[in-house]
Amino acid sequence: MIRPYVHINSRFHKIQSFVNHLFLDVIFRAPYIGQDIFDISLVLPKYAPLINEVNHEYLLNPIKECYSICKTLSKENLKALKRGVHQNNKIRLLCNGDLAPIEYSDIDIISSPLSTQIKIFFDKLYDEAVNKAVFYHEYGKVDDYYKSLVGKSRTCRCCGINKVLIKFHSKRSALDHYFPRNYFPFTSINTNNLLPICDTCNSKYKLGENTIYEIIKRNSRIISKTRKRTFYPFSKINPYPKIDVEITLNKALSEDMIPNDMNINLVSIGYEEQVQSWDRLFGIKENYLAECCSEEMYMYYEEQYVADLNFGKTHNEYIEALERNRVGDMNFLKAAFLNGINNYV
Ligand SMILES: [Zn+2]
71 MIRPYVHINS RFHKIQSFVN HLFLDVIFRA PYIGQDIFDI SLVLPKYAPL INEVNHEYLL
131 NPIKECYSIC KTLSKENLKA LKRGVHQNNK IRLLCNGDLA PIEYSDIDII SSPLSTQIKI
191 FFDKLYDEAV NKAVFYHEYG KVDDYYKSLV GKSRTCRCCG INKVLIKFHS KRSALDHYFP
251 RNYFPFTSIN TNNLLPICDT CNSKYKLGEN TIYEIIKRNS RIISKTRKRT FYPFSKINPY
311 PKIDVEITLN KALSEDMIPN DMNINLVSIG YEEQVQSWDR LFGIKENYLA ECCSEEMYMY
371 YEEQYVADLN FGKTHNEYIE ALERNRVGDM NFLKAAFLNG INNYV
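Counting from 71, one number per residue, gives the positions in the sequence shown under the working numbering.
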């Protein structure tokens, strides 16, 4: 991504402690606990209302099912599941390729009904339970968390060009599960995994793309699954890796350019694999070329760039000004586009 998100202080982060307690201290320890059937007294008293005071179909019922199934599991399987809770929530290390997560397909091998119940729990927790009073009185509302995180920053950090709604809008844009809920258990409420994201990235490009595996299918059968490193969205690397966009033109600029008339390259020295994953997840090259072929970009070229050059500004001065605020207003892409035009001979 062009720019990382910055963590904020929020009570919302703490819902993960509830999840960890439930799965690590109770459900995946079921064979070592006296009660045959899950009982609310098994969880810390402060967490009991969260389970009891929302529709029992959301949390209590899947917890009961998980507990009963785990009663019958081997020590090794329970150990693997516990490791999954720990590892799936270390989002930074997963992005860096330093850890292997557990997927629902792995839990299916241990117990398919368990996999189903865990999925119900994590989906209902995020989609339903956190929006109920008993949760938001304790942890704050998901909308408020989104607004604090986004603040006044309009640009989607994932694509760097489209807009997200900010704290002054009454609505909000989506929070994307960077590690998708359909593949990865235990992370539906982990704030390192929740990204404010524009509609184009969320509903048109990323969809169910697996964040860290490049999956190639033929006739809907998986023929290869390759582990890939990816950018960690809340990276604290300082300075954050710079991604250069390089555009070349195959023909002289005209109003009717199409994406095939240009080539695009994304370059970040030392982060080649992360850049590839970024493009795979968000369709970056396609988005950028479409933007460069838009009416607006052509108008920008004619009305601002050419006009400024007519007033005596040089190409380099123009690019330098764009680079000074490269993440604002698609300036990094405008600079790449103008360099492409300037370099065309
Ligand atoms: Zn976006």
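Positions of the beta carbon are idealized from the N, C-alpha and C atoms, including for glycine.
- Annotation: Asn333 to Leu319 spans about 6 Å, alpha carbon to alpha carbon.
- Comparing C-alpha distances from Lys404 to each of Val415, Tyr358, Phe381 shows the shortest one belongs to Tyr358.
- Straight through space, the alpha carbons of Lys295 and Phe88 are spaced by roughly 33 Å.
- Here DSSP, grouped into helix, strand and coil, assigns Val204 to helix.
- Rounded to the nearest angstrom, the gap between the Cα atoms of Pro255 and Thr186 is 10 Å.
- Residue range 283-288 is occupied by the beta strand (DSSP E) that includes Arg288.
- In the DSSP annotation of this structure, the continuous segment of the beta strand (DSSP E) that includes Val315 starts and ends at 314-319.
- The beta carbon of Ile267 sits closer than 7 Å to at least one heavy atom of ligand 1.
- The alpha-carbon of Cys140 is positioned some 10 Å away from that of Ile180.
- Taken in chain order, the complete beta strand (DSSP E) segments of 3 residues or longer contained in the stretch 195-263 are 244-247.
- A distance below 7 Å between beta-carbons, with the five flanking residues on each side excluded, links His77 to the following residues of its chain, in chain order: Phe304.
- Separation of Glu365 and Ser324 (C-alpha to C-alpha, rounded to the nearest whole angstrom) is 11 Å.
- Short of 7 Å from the beta carbon of Leu392, and not among the five residues preceding or following it, lie these beta carbons of its own chain, in chain order: Asn401, Lys404, Ala405.
- According to the DSSP assignment, Lys383 belongs to no beta strand (DSSP E), since it is labelled neither H nor E.
- When DSSP states are grouped into helix, strand and coil, Thr270 belongs to the helix group.
- Distance between Glu279 and Lys312, taken at the CA atoms: about 24 Å.
- Non-local C-beta neighbours of Arg224 in its own chain, meaning closer than 7 Å and more than five positions away in sequence, comprise Lys233, Val234, Ile236, ordered along the chain.
- Comparing C-alpha distances from Met327 to each of Phe301, Glu342, Met367 shows the shortest one belongs to Met367.
- Following the DSSP letters along the chain, one finds Asn412 inside the alpha helix (DSSP H) bounded by residues 401-413.
- A Cβ-Cβ contact shorter than 8 Å links Asn260 with Ile161.
- Looking at Tyr302, Cys362, Arg81, Val345, the one whose alpha-carbon comes closest to that of Asn330 is Cys362.
- Taking the Cα positions, Thr270 is about 22 Å away from Ile285.
- With respect to the C-alpha of His91, the residue from Ile103, Leu379, Leu114 having the closest C-alpha is Leu114.
- In the same chain as Pro171, and ignoring 5 residues on each side of it, the C-beta atoms closer than 8 Å to its own belong to Gly154, Gln157, Asn158, Leu164, Phe249, Phe254, Ile282, in chain order.
- The secondary-structure analysis by DSSP pairs Ile292 across a beta bridge with Lys287.
- With contacts defined by Cβ atoms closer than 8 Å, Pro132 and Phe191 form a contacting pair.
- In the DSSP assignment, Val124 falls outside any alpha helix (DSSP H), carrying neither H nor E.
- Rounded to the nearest whole angstrom, the C-alpha separation of Phe98 and Ile231 is 44 Å.
- In the structure shown, Asn335 falls within a strand segment according to DSSP collapsed to helix, strand and coil.
- The three-state secondary structure of Leu265, taken from DSSP, is strand.
- Here Arg299 carries a coil assignment [DSSP, helix/strand/coil].
- For His77, the three-state secondary structure derived from DSSP is coil.
- Put simply, of Tyr209, Arg242, Cys136 the residue whose alpha carbon is nearest the alpha carbon of Ile107 is Cys136.
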